[in-house]
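Throughout, the numbering used here is defined as the position within the sequence shown, counted from one, plus 959.
Below you'll find the structure, written out as structure tokens, and then a few comments.
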Amino acid sequence: MKKTLLAAALSSLIALGFTATATANEGEAGMQTQQAPMEFAQTDLQTFASVQGDLDTIRADYSARLEAANDQEQAAQLQQEASQLMVEAVQEAGMDIETYNNIALALQSDPELRDKVSAMLN
């Protein structure tokens, strides 16, 4: 379950445009020897967990469509549509994209947080 959660979060990061943000912040993070764990409000963690079902549905739907895509242009269009739907799902759940991405990023390096969010999914 933890690997599934992490994989879903990472997929969402990519779909929500986190890649560009991570690249932009890479220089800053590299200068820090150790980063303090981020603290998140319980309500943000619950929102993060609750939106995963919607994101999984979007991912599954568009994964099938991408496999059936006829060319690169169609695939790119489908990826853009999926990204937009994921952004809307997160925002409709009451969370901004930055907070969502920060939680997803923290899940990679904080086993305690990962366990906490995983428990919310069960």
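Quick reminder that beta carbons are idealized off the backbone N, C-alpha and C, glycines included.
Please read all numbers here as calculations on a predicted model, not as lab measurements.
Are A1052 and T1006 touching if we call contact CB-CB under 7 Å?
As a position in the sequence shown, residue 1052 is number 93, starting the count at 1. As a position in the sequence shown, residue 1006 is number 47, starting the count at 1. In this structure, T1006 lies closer than 7 Å to A1052 by Cβ.
Determine whether the beta carbon atoms of R1024 and L1037 lie at a separation below 7 Å.
Your numbering for residue 1024 matches position 65 in the sequence shown. Your numbering for residue 1037 matches position 78 in the sequence shown. Yes; because the gap between Cβ atoms is below 7 Å, this pair is in contact.
What residues in its chain sit with their C-beta under 8 Å from that of M990, if we drop five residues either side in the sequence?
The residue given as residue 990 occupies position 31 in the sequence shown. With a pLDDT of 44 at M990, under the threshold of 50, the modelled position of that residue is not reliable, and the figure given next carries that caveat. If we look at M990 and ignore the five residues flanking it on each side, it has no Cβ neighbours.
Cα separation between L1066 and R1073?
Within the sequence shown, residue 1066 is the residue found at index 107, counting from 1. Within the sequence shown, residue 1073 is the residue found at index 114, counting from 1. Rounded to the nearest angstrom, the two C-alpha atoms are 5 Å apart.
If I measure Cβ to Cβ from L1044 and keep anything under 6 Å in the same chain, skipping five residues before and after, which residues do I get?
Stepping through the sequence shown from its first residue, residue 1044 is reached at position 85. Correct list, in chain order: I1017.
Beta-carbon proximity check, L1064 vs A1008, cutoff 7 Å:
Numbered from 1 along the sequence shown, position 105 holds the residue referred to as residue 1064. Numbered from 1 along the sequence shown, position 49 holds the residue referred to as residue 1008. Contact: no.
Is M997 buried or exposed, if buried means 16 or more other CB atoms sit within 10 Å of its CB?
In the sequence shown, residue 997 corresponds to position 38, counting from 1. With a threshold of 16 other beta carbon atoms within 10 Å, M997 falls short and is exposed.
Cβ-based burial, Q1033 [other Cβ within 10 Å; buried from 16]:
As a working mapping, residue 1033 is identified with position 74 in the sequence shown. The residue is exposed, with fewer than 16 neighbouring Cβ atoms inside 10 Å.
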